[in-house]
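In the working numbering, the protein residues as written are 19 to 341.
In this text, a Cβ means the ideal position worked out from N, Cα and C, and glycines have one as well.
A quick note: this is a predicted structure, and the numbers were derived from the prediction, not measured.
Shown next, in C-alpha coordinates, is the structure this report addresses.
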(Lines of atoms letter the chains of each structure in order from A and count residues from 1; the text may use other names and numbers.)
(Lines give C-alpha, C1' and ligand atoms only; values in the text may rest on other atoms or scores of the structure.)
Protein backbone atom coordinates (compact mmCIF):
# COMPACT_ATOMS: atom_id res chain seq x y z
CA UNK A 1 0.00 0.00 0.00
CA UNK A 2 1.53 3.32 -1.07
CA UNK A 3 1.55 6.58 0.88
CA UNK A 4 -1.27 8.15 -1.13
CA UNK A 5 -3.57 5.20 -0.47
CA UNK A 6 -2.78 5.27 3.25
CA UNK A 7 -3.38 9.01 3.42
CA UNK A 8 -6.67 8.63 1.56
CA UNK A 9 -7.88 5.93 3.96
CA UNK A 10 -6.95 7.99 7.02
CA UNK A 11 -8.60 11.10 5.56
CA UNK A 12 -11.76 9.16 4.70
CA UNK A 13 -11.95 7.61 8.19
CA UNK A 14 -11.43 11.03 9.81
CA UNK A 15 -14.17 12.58 7.68
CA UNK A 16 -16.56 9.75 8.53
CA UNK A 17 -16.00 10.22 12.26
CA UNK A 18 -16.47 13.99 11.94
CA UNK A 19 -19.73 13.56 10.03
CA UNK A 20 -20.98 10.93 12.47
CA UNK A 21 -20.37 13.16 15.50
CA UNK A 22 -22.15 16.08 13.86
CA UNK A 23 -25.09 14.10 12.45
CA UNK A 24 -25.77 11.96 15.51
CA UNK A 25 -24.75 14.17 18.46
CA UNK A 26 -23.86 17.80 17.74
CA UNK A 27 -26.44 18.55 15.03
CA UNK A 28 -29.45 17.32 17.03
CA UNK A 29 -28.30 19.34 20.05
CA UNK A 30 -27.98 22.51 17.98
CA UNK A 31 -31.44 21.90 16.51
CA UNK A 32 -32.93 21.24 19.96
CA UNK A 33 -31.63 24.55 21.33
CA UNK A 34 -32.34 26.54 18.13
CA UNK A 35 -28.63 27.15 17.43
CA UNK A 36 -28.41 25.90 13.84
CA UNK A 37 -26.97 29.25 12.76
CA UNK A 38 -23.79 28.06 14.48
CA UNK A 39 -23.75 24.77 12.57
CA UNK A 40 -20.86 25.63 10.21
CA UNK A 41 -18.60 26.98 12.98
CA UNK A 42 -19.42 24.05 15.27
CA UNK A 43 -18.74 21.55 12.47
CA UNK A 44 -15.28 23.09 12.05
CA UNK A 45 -14.92 23.01 15.84
CA UNK A 46 -15.15 19.21 15.75
CA UNK A 47 -11.69 19.35 14.14
CA UNK A 48 -10.31 20.82 17.35
CA UNK A 49 -11.84 17.97 19.36
CA UNK A 50 -10.67 15.19 17.04
CA UNK A 51 -7.15 16.57 16.63
CA UNK A 52 -7.11 16.98 20.42
CA UNK A 53 -8.00 13.30 20.86
CA UNK A 54 -5.14 12.35 18.55
CA UNK A 55 -2.75 14.53 20.56
CA UNK A 56 -3.85 13.01 23.87
CA UNK A 57 -3.32 9.50 22.51
CA UNK A 58 0.14 10.42 21.21
CA UNK A 59 1.09 12.02 24.53
CA UNK A 60 0.06 8.90 26.45
CA UNK A 61 1.50 6.31 24.09
CA UNK A 62 4.53 8.01 22.56
CA UNK A 63 5.77 10.85 24.77
CA UNK A 64 5.08 9.21 28.16
CA UNK A 65 6.77 6.01 26.94
CA UNK A 66 9.75 8.05 25.69
CA UNK A 67 9.99 9.68 29.13
CA UNK A 68 10.36 6.26 30.75
CA UNK A 69 12.97 5.13 28.22
CA UNK A 70 15.17 8.27 28.27
CA UNK A 71 14.29 10.42 31.30
CA UNK A 72 16.02 13.75 31.89
CA UNK A 73 15.54 13.26 35.63
CA UNK A 74 14.23 10.49 37.85
CA UNK A 75 10.53 10.94 38.59
CA UNK A 76 7.79 8.89 40.13
CA UNK A 77 5.53 7.52 37.40
CA UNK A 78 2.75 10.02 38.08
CA UNK A 79 3.20 12.63 40.77
CA UNK A 80 0.44 14.52 42.56
CA UNK A 81 1.89 17.73 41.10
CA UNK A 82 1.02 16.52 37.59
CA UNK A 83 -2.69 15.94 38.19
CA UNK A 84 -3.66 19.54 37.44
CA UNK A 85 -1.47 19.49 34.33
CA UNK A 86 -3.53 16.66 32.86
CA UNK A 87 -6.75 18.64 33.35
CA UNK A 88 -5.17 21.74 31.78
CA UNK A 89 -4.18 19.62 28.77
CA UNK A 90 -7.63 18.07 28.40
CA UNK A 91 -9.25 21.53 28.61
CA UNK A 92 -7.04 23.02 25.91
CA UNK A 93 -6.68 20.07 23.57
CA UNK A 94 -10.18 18.57 23.67
CA UNK A 95 -12.06 21.85 23.79
CA UNK A 96 -12.31 24.58 21.18
CA UNK A 97 -10.54 27.30 23.17
CA UNK A 98 -8.43 28.61 20.28
CA UNK A 99 -11.27 28.08 17.83
CA UNK A 100 -13.68 30.21 19.87
CA UNK A 101 -11.09 32.99 20.14
CA UNK A 102 -10.42 32.83 16.38
CA UNK A 103 -14.15 32.95 15.52
CA UNK A 104 -14.87 35.72 18.06
CA UNK A 105 -12.03 37.99 16.98
CA UNK A 106 -12.50 37.34 13.26
CA UNK A 107 -15.84 39.19 13.15
CA UNK A 108 -14.36 42.20 14.90
CA UNK A 109 -11.19 42.00 12.81
CA UNK A 110 -13.00 42.00 9.49
CA UNK A 111 -14.99 45.06 10.54
CA UNK A 112 -11.72 46.87 11.28
CA UNK A 113 -10.28 45.41 8.08
CA UNK A 114 -13.02 47.00 5.98
CA UNK A 115 -12.37 50.37 7.60
CA UNK A 116 -8.62 50.12 7.04
CA UNK A 117 -9.22 49.03 3.46
CA UNK A 118 -10.75 52.46 2.81
CA UNK A 119 -7.35 53.88 3.79
CA UNK A 120 -5.65 51.50 1.31
CA UNK A 121 -4.37 49.18 4.05
CA UNK A 122 -4.41 45.52 3.11
CA UNK A 123 -3.64 42.44 5.14
CA UNK A 124 -0.20 40.88 4.74
CA UNK A 125 -1.52 38.05 2.60
CA UNK A 126 1.47 35.74 2.43
CA UNK A 127 0.09 33.82 -0.55
CA UNK A 128 0.37 36.92 -2.75
CA UNK A 129 3.97 37.75 -1.80
CA UNK A 130 5.54 35.58 -4.49
CA UNK A 131 2.93 34.18 -6.89
CA UNK A 132 3.70 30.60 -7.83
CA UNK A 133 5.84 30.09 -4.72
CA UNK A 134 4.18 31.44 -1.56
CA UNK A 135 0.82 30.59 -3.15
CA UNK A 136 1.74 26.90 -2.87
CA UNK A 137 -0.16 25.66 0.25
CA UNK A 138 2.86 23.90 1.80
CA UNK A 139 5.06 26.97 1.34
CA UNK A 140 2.48 29.41 2.71
CA UNK A 141 1.91 27.06 5.67
CA UNK A 142 5.63 27.06 6.52
CA UNK A 143 5.81 30.86 6.18
CA UNK A 144 2.81 31.23 8.51
CA UNK A 145 4.47 28.84 10.96
CA UNK A 146 7.66 30.92 11.06
CA UNK A 147 5.82 34.27 11.30
CA UNK A 148 3.56 33.13 14.12
CA UNK A 149 6.55 31.63 15.91
CA UNK A 150 8.18 35.08 15.89
CA UNK A 151 4.97 36.53 17.33
CA UNK A 152 5.00 33.89 20.06
CA UNK A 153 8.67 34.54 20.86
CA UNK A 154 7.97 38.25 21.35
CA UNK A 155 4.83 37.50 23.36
CA UNK A 156 6.77 35.08 25.56
CA UNK A 157 9.50 37.60 26.25
CA UNK A 158 6.87 40.20 27.12
CA UNK A 159 5.36 37.83 29.69
CA UNK A 160 8.73 37.82 31.44
CA UNK A 161 9.21 41.57 31.15
CA UNK A 162 6.32 42.93 33.25
CA UNK A 163 5.96 41.96 36.88
CA UNK A 164 2.15 41.58 36.86
CA UNK A 165 2.32 39.48 33.71
CA UNK A 166 5.09 37.33 35.14
CA UNK A 167 2.89 36.60 38.18
CA UNK A 168 0.39 35.00 35.81
CA UNK A 169 3.01 33.27 33.66
CA UNK A 170 4.93 31.99 36.69
CA UNK A 171 2.25 29.31 37.14
CA UNK A 172 3.61 27.71 33.97
CA UNK A 173 7.12 27.79 35.46
CA UNK A 174 6.09 26.57 38.91
CA UNK A 175 6.10 22.90 37.92
CA UNK A 176 9.03 21.09 39.55
CA UNK A 177 8.05 17.79 37.91
CA UNK A 178 7.96 18.62 34.21
CA UNK A 179 6.31 16.06 31.95
CA UNK A 180 4.63 15.88 28.55
CA UNK A 181 1.46 17.11 30.31
CA UNK A 182 3.04 20.37 31.50
CA UNK A 183 2.72 22.61 28.42
CA UNK A 184 -0.83 23.83 29.12
CA UNK A 185 -0.20 24.58 32.79
CA UNK A 186 -1.04 28.27 32.38
CA UNK A 187 -3.21 30.96 33.90
CA UNK A 188 -6.45 31.35 31.97
CA UNK A 189 -5.91 35.13 31.58
CA UNK A 190 -2.46 34.59 30.11
CA UNK A 191 -3.84 31.89 27.81
CA UNK A 192 -6.68 34.13 26.67
CA UNK A 193 -4.35 37.04 25.90
CA UNK A 194 -2.02 34.74 23.99
CA UNK A 195 -4.86 33.19 22.00
CA UNK A 196 -6.20 36.65 21.06
CA UNK A 197 -2.76 37.83 19.95
CA UNK A 198 -2.18 34.68 17.86
CA UNK A 199 -5.62 34.84 16.28
CA UNK A 200 -5.17 38.55 15.48
CA UNK A 201 -1.84 38.06 13.74
CA UNK A 202 -3.04 34.90 12.00
CA UNK A 203 -5.89 36.94 10.52
CA UNK A 204 -3.50 39.79 9.71
CA UNK A 205 -1.20 37.39 7.83
CA UNK A 206 -4.17 35.90 5.95
CA UNK A 207 -4.24 32.45 7.60
CA UNK A 208 -7.40 30.52 6.74
CA UNK A 209 -9.40 28.78 9.54
CA UNK A 210 -8.34 25.35 8.26
CA UNK A 211 -4.66 26.28 8.24
CA UNK A 212 -4.99 27.92 11.66
CA UNK A 213 -6.22 24.65 13.18
CA UNK A 214 -3.28 22.68 11.75
CA UNK A 215 -0.78 25.38 12.80
CA UNK A 216 -2.03 25.38 16.39
CA UNK A 217 -2.32 21.60 16.69
CA UNK A 218 1.18 21.01 15.28
CA UNK A 219 2.63 23.67 17.58
CA UNK A 220 0.81 22.24 20.60
CA UNK A 221 2.12 18.72 20.11
CA UNK A 222 5.69 19.89 19.55
CA UNK A 223 5.44 21.93 22.75
CA UNK A 224 4.20 18.84 24.64
CA UNK A 225 7.36 17.08 23.46
CA UNK A 226 9.49 20.07 24.53
CA UNK A 227 8.10 19.95 28.07
CA UNK A 228 8.51 16.19 28.35
CA UNK A 229 10.96 14.67 30.81
CA UNK A 230 13.23 13.53 27.99
CA UNK A 231 16.98 13.79 27.69
CA UNK A 232 17.68 14.03 23.99
CA UNK A 233 20.44 15.84 22.14
CA UNK A 234 19.58 16.75 18.56
CA UNK A 235 23.13 17.48 17.43
CA UNK A 236 23.01 20.11 14.67
CA UNK A 237 19.24 19.79 14.77
CA UNK A 238 19.19 21.82 18.00
CA UNK A 239 19.70 24.93 15.85
CA UNK A 240 16.55 24.19 13.83
CA UNK A 241 14.05 23.04 16.47
CA UNK A 242 13.61 23.82 20.17
CA UNK A 243 14.34 20.55 21.98
CA UNK A 244 13.24 19.33 25.45
CA UNK A 245 16.74 20.10 26.76
CA UNK A 246 16.73 23.62 25.28
CA UNK A 247 13.31 24.45 26.71
CA UNK A 248 14.04 22.79 30.04
CA UNK A 249 16.86 25.32 30.43
CA UNK A 250 14.24 28.06 30.22
CA UNK A 251 12.42 26.43 33.14
CA UNK A 252 15.59 25.83 35.17
CA UNK A 253 15.70 27.30 38.68
CA UNK A 254 18.26 30.10 38.81
CA UNK A 255 19.00 29.99 35.10
CA UNK A 256 16.38 30.26 32.39
CA UNK A 257 13.81 32.61 33.89
CA UNK A 258 15.57 34.00 36.94
CA UNK A 259 19.00 34.83 35.59
CA UNK A 260 19.73 38.47 34.87
CA UNK A 261 19.26 38.93 31.15
CA UNK A 262 18.61 41.92 28.98
CA UNK A 263 17.46 45.17 30.67
CA UNK A 264 13.84 44.87 31.77
CA UNK A 265 13.71 41.11 31.19
CA UNK A 266 12.95 38.97 34.23
CA UNK A 267 14.19 35.81 32.57
CA UNK A 268 17.31 35.53 30.53
CA UNK A 269 17.26 32.73 27.97
CA UNK A 270 15.54 30.27 25.64
CA UNK A 271 12.22 31.99 25.02
CA UNK A 272 11.73 30.26 21.65
CA UNK A 273 8.52 28.31 21.09
CA UNK A 274 9.27 26.14 18.06
CA UNK A 275 12.48 27.48 16.56
CA UNK A 276 15.62 28.64 18.41
CA UNK A 277 16.44 31.12 15.63
CA UNK A 278 14.88 34.08 17.42
CA UNK A 279 16.88 33.32 20.59
CA UNK A 280 20.02 33.15 18.47
CA UNK A 281 19.23 36.42 16.67
CA UNK A 282 18.33 38.28 19.88
CA UNK A 283 21.19 36.64 21.83
CA UNK A 284 18.99 34.86 24.38
CA UNK A 285 20.01 31.30 23.41
CA UNK A 286 21.83 28.86 25.67
CA UNK A 287 22.31 25.29 24.45
CA UNK A 288 22.73 23.18 27.62
CA UNK A 289 24.38 19.81 27.98
CA UNK A 290 23.33 19.27 31.59
CA UNK A 291 19.91 18.74 33.18
CA UNK A 292 18.82 21.31 35.76
CA UNK A 293 15.94 21.23 38.29
CA UNK A 294 12.86 23.19 37.25
CA UNK A 295 10.53 25.51 39.16
CA UNK A 296 10.43 29.03 40.55
CA UNK A 297 12.44 29.97 43.62
CA UNK A 298 10.29 30.90 46.65
CA UNK A 299 7.04 30.18 44.82
CA UNK A 300 4.76 27.49 46.18
CA UNK A 301 1.45 26.81 44.43
CA UNK A 302 -1.44 24.56 45.34
CA UNK A 303 -1.96 21.26 43.54
CA UNK A 304 -5.59 22.31 43.06
CA UNK A 305 -6.29 23.75 39.62
CA UNK A 306 -8.77 26.40 40.78
CA UNK A 307 -6.55 27.44 43.69
CA UNK A 308 -3.66 27.87 41.24
CA UNK A 309 -5.74 30.23 39.12
CA UNK A 310 -6.84 32.28 42.14
CA UNK A 311 -3.32 32.49 43.56
CA UNK A 312 -1.92 33.71 40.25
CA UNK A 313 -4.62 36.36 39.93
CA UNK A 314 -3.95 37.64 43.46
CA UNK A 315 -0.21 37.85 42.82
CA UNK A 316 -0.82 39.80 39.60
CA UNK A 317 -3.24 42.25 41.27
CA UNK A 318 -0.76 42.91 44.08
CA UNK A 319 1.77 44.15 41.51
CA UNK A 320 -0.56 47.09 40.74
CA UNK A 321 -0.74 48.20 44.36
CA UNK A 322 1.61 50.97 45.55
CA UNK A 323 4.78 49.52 46.98
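Please work out which residues of its chain come closer than 8 Å, Cβ to Cβ, to residue 287, disregarding the five sequence neighbours upstream and downstream, and give them in chain order. Walking along the chain shown from the start, residue 287 turns up at place 269. Beyond the five residues adjoining it in sequence on each side, residue 287 comes within less than 8 Å, by CB distance, of 267, 268, 273, 274, 277, 279, 297, 302, 303 and 304 in the same chain, given in chain order.
Helix, strand or coil at residue 176 according to DSSP, with G and I counted as helix: The sequence position of residue 176 within the chain shown is 158, counting from 1. Helix.
Could you pull out every residue in the same chain whose Cβ sits closer than 7 Å to the Cβ of residue 325, ignoring the five residues on either side in sequence? Taking the first residue of the chain shown as 1, we reach residue 325 at position 307. Excluding sequence neighbours, residue 325 sits near nothing in its chain.
Would residue 224 pass as a contact of residue 271 if the rule is Cβ separation under 7 Å? The residue labelled residue 224 in the question sits at position 206 within the chain shown. The residue labelled residue 271 in the question sits at position 253 within the chain shown. No, these two residues do not count as a Cβ contact at 7 Å.
Span of the alpha helix (DSSP H) holding residue 213? Residue mapping note: residue 213 aligns to position 195 of the chain shown, counting from 1. Note, residue 213: alpha helix (DSSP H), 206-223.
Which partner residues of residue 270 appear in the DSSP bridge assignment? Counted from its first residue, the chain shown places residue 270 at position 252. According to DSSP, residue 270 bridges with 312.
Which first and last residues belong to the alpha helix (DSSP H) in which residue 50 is found? In the chain shown, residue 50 corresponds to position 32, counting from 1. First-last of the alpha helix (DSSP H) with residue 50: 45-50.
Just checking my contact of residue 231 with residue 84 at CB under 8 Å: how many whole Å lie between their CB atoms? If you number the chain shown from 1, residue 231 lands on position 213. If you number the chain shown from 1, residue 84 lands on position 66. Not really, about 25 Å apart at Cβ, beyond 8 Å.
Would residue 241 be called buried (16 or more neighbouring beta carbons within 10 Å of its own) or exposed? One-based indexing of the chain shown puts residue 241 at position 223. So residue 241 counts as buried.
What number of angstroms, rounded off, separates the C-alpha of residue 35 from the C-alpha of residue 233? As a first step, residue 35 is located in the chain shown; it is residue number 17 there, counting from the start. As a first step, residue 233 is located in the chain shown; it is residue number 215 there, counting from the start. Cα to Cα, residue 35 sits roughly 21 Å from residue 233.
Residue 227 to residue 289, Cα distance in whole Å? Here the question's residue 227 lines up with position 209 in the chain shown. Here the question's residue 289 lines up with position 271 in the chain shown. Going by the C-alpha atoms only, they are around 27 Å apart.
Residue 86 to residue 294, Cα distance in whole Å? Along the chain shown, read from residue 1 onward, the residue named residue 86 stands at position 68. Along the chain shown, read from residue 1 onward, the residue named residue 294 stands at position 276. Linking residue 86 to residue 294 through their CA atoms gives a straight-line distance of about 26 Å.
Return the chain-ordered list of same chain residues with a C-beta closer than 6 Å to the C-beta of residue 54, the five sequence neighbours on each side being excluded. The residue given as residue 54 occupies position 36 in the chain shown. Within the same chain, residue 54 has close Cβ partners 48.
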